[in-house]
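The C-terminal position of the sequence shown is numbered 136 in the numbering used here, with every residue numbered one higher than the one before it. Idealized CB from N, CA, C, for every residue including glycine. Quick caveat, the model's predicted, so the values are computed rather than measured.
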Amino acid sequence: MASLHDYCGGIYSKPTFPDLSGKDVNGKRLQGEAWLEWQANYLSSVLLMPRIAVKRLRNLIEPKGSRFWHYELIQTMVEVFNVSEEAARVRLVSLNHLPT
């Protein structure tokens, strides 16, 4: 009878570590816990502020012609999605709706 070690191809016999580095939406290189935290924050922003919903809000607010429509969009997202201004701004940047 084959052992668990043989069955799994030895994957448990040596440590395997994921690559804990990557780049955020601004191209900044992140490593270790900073990268993991960025991934968690990004995932939560995607779940809390879906792209389609953000686009619909933008389409409602942008045509009003206000010079400050970006700020108005952020404030609306704060109210609608119950998120912080910073989270709303980061999500808009990731969707290319705001300049970096």
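- Assign L93 to buried or exposed, taking buried as 16 or more other Cβ atoms, counted over all protein chains shown, within 10 Å of its Cβ. buried
- Message: In this structure, how does DSSP classify K100 when only helix, strand and coil are distinguished?
- Response: helix
- Would you call the CB atoms of I110 and R125 closer than 7 Å? yes
- Item | Under the three-state DSSP convention, the category L66 falls into | Here L66 sits in strand by DSSP.
- Query: DSSP beta-bridge partners for K59?
  - Reply: R65
- In angstroms with no decimal places, state the Cα-to-Cα distance between W71 and K59. 8 Å
- Task: Let me know if V119 comes out buried or exposed under the rule of 16 or more other beta-carbons within 10 Å of its beta-carbon.
- Result: buried
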